[in-house]
Amino acid sequence: MSTSHASPDREAQGHTLGHALQLARETLPPMHPAGRPFVLGGAVATLALRKVSKRLGLLAGLGTLATAAFFREPRRVPPARDGLVLAAADGLVSLIEEAVPPAELGLPDEPRTRVSVFLSVFDVHVQRAPATGKIERVAYRPGKFLSADLDKASDENERNSVLLRTDDGHELVAVQIAGLVARRIVCQVGEGDQVAAGSTYGLIRFGSRVDIYLPPGSRVLVGKGQRTIGGETPIAELPSGRS
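Residue numbers (my numbering): 4 to 246.
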């Protein structure tokens with residue numbers, strides 16, 4: 004009985020194709036599930052418009068690719084060191100100031116250090132847990148859609164606030180704030196959920212801002228104008244002991 008063997012050329016092609024697919028998976032970041040309906044709709048529109056005009060089809064295709072890029076969710080590796088507060092988003096540190104946390108969380112009416120990160124439409128728009136711990140409260144509040152880089156955006160814009168208690172007992176507040184063109188805040192966690200530092204917990208569509216309120220005694224590690232990488236850049240060091 005004869006045994007068939009794949010030719011060396013076919014084996015080489017198979018290895019090359021497999022390597023190319025592996026490189027593509029490693030190079031192209033995965034997409035957040037919230038983006039799939041938009042990308043699917045864009046793909047359908049692209050196919051439909053191509054029948055009418057190749058130019059319109061090309062424009063729709065480019066728009067679909069841009070949408071897929073907006074919803075990208077790259078893998079992040081948080082620092083191994085304990086006692087850090089990580090950036091909850093990619094973007095630019097726009098404000099570092101003292102402010103009272105959102106009233107809807109029911110926290111004491113006392114100012115805490117707030118670090119604000121502004122996300123442009125070109126930044127990764129998923130939000131990451133700033134530390135490992137338990138979600139104690141999630142509170143949504145409707146509001147305006149002012150430009151997210153304005154000081155008053157924290158108080159007047161639509162927002163979703165999350166109170167996180169770290170494993171060391173510290174209280175951290177992360178606030179997703181809608182921006183000028185943002186019209187949808189997605190929060191994937193609920194009260195009682197356990198989250199790991201750097202894990203994705205939400206998304207804001209199309210331009211926004213994320214505020215982190217630090218426990219008293221924290222040491223800020225970033226400066227205004229610095230760029231952050233969500234889930235990787237340490238923005239503060241927690242005080243030793245419980246808050």
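C-beta: ideal position from N, C-alpha, C; glycine also.
Measure the CB-CB distance between residue i and residue j and report whether it falls below 9 angstroms.
i	j	result
Pro242	Gly226	no
Arg131	Gly234	yes
Asn163	Arg212	no
Ala90	Pro133	yes
Pro105	Arg115	no
Arg208	His128	yes
Quick one: Cα of residue i to Cα of residue j, how far?
i	j	result
Glu113	Leu61	54 angstroms
Gly172	Arg187	31 angstroms
Glu174	Gly228	26 angstroms
Leu43	Val96	33 angstroms
Ala239	Thr135	14 angstroms
Val120	Ala177	11 angstroms
Glu107	Leu52	46 angstroms
Leu224	Tyr216	14 angstroms
Asp93	Phe74	13 angstroms
Val47	Leu122	29 angstroms
Ser56	Val198	48 angstroms
Leu98	Arg168	23 angstroms
Thr236	Lys54	47 angstroms
Pro36	Asp214	24 angstroms
Ile232	Pro33	17 angstroms
Leu59	Glu101	50 angstroms
Pro81	Thr67	31 angstroms
Val141	Pro218	18 angstroms
Ile138	Ala200	12 angstroms
Ser202	Gln191	11 angstroms
Gly109	Ala63	46 angstroms
Gln179	Val189	9 angstroms
Val165	Glu76	20 angstroms
For residue i, is the classification buried or exposed, using 16 other Cβ atoms within 10 angstroms of its Cβ as the cut-off for buried?
i	result
Ala83	exposed
Asp85	exposed
Arg222	exposed
Asp170	exposed
Phe283	Past the boundaries of the shown model lies residue 283; the chain is included only from 4 to 246, so the question cannot be answered.
Leu206	buried
Val118	buried
Pro111	exposed
Leu50	exposed
Arg230	exposed
Gly193	exposed
Tyr204	buried
Quick one: grab the DSSP three-state call for residue i.
i	result
Pro105	coil
Leu68	helix
Arg230	strand
Pro36	helix
Leu52	helix
Pro192	For clarity, residue 192 is Val in the given sequence; the question names Pro instead. Note: Val192 maps to coil in three-state DSSP.
Arg58	helix
Val47	helix
Ala239	strand
Ala90	coil
* Asked: Which full runs of the alpha helix (DSSP H) of 4+ residues lie inside the region 112–181, going along the chain?
  -> 156–159
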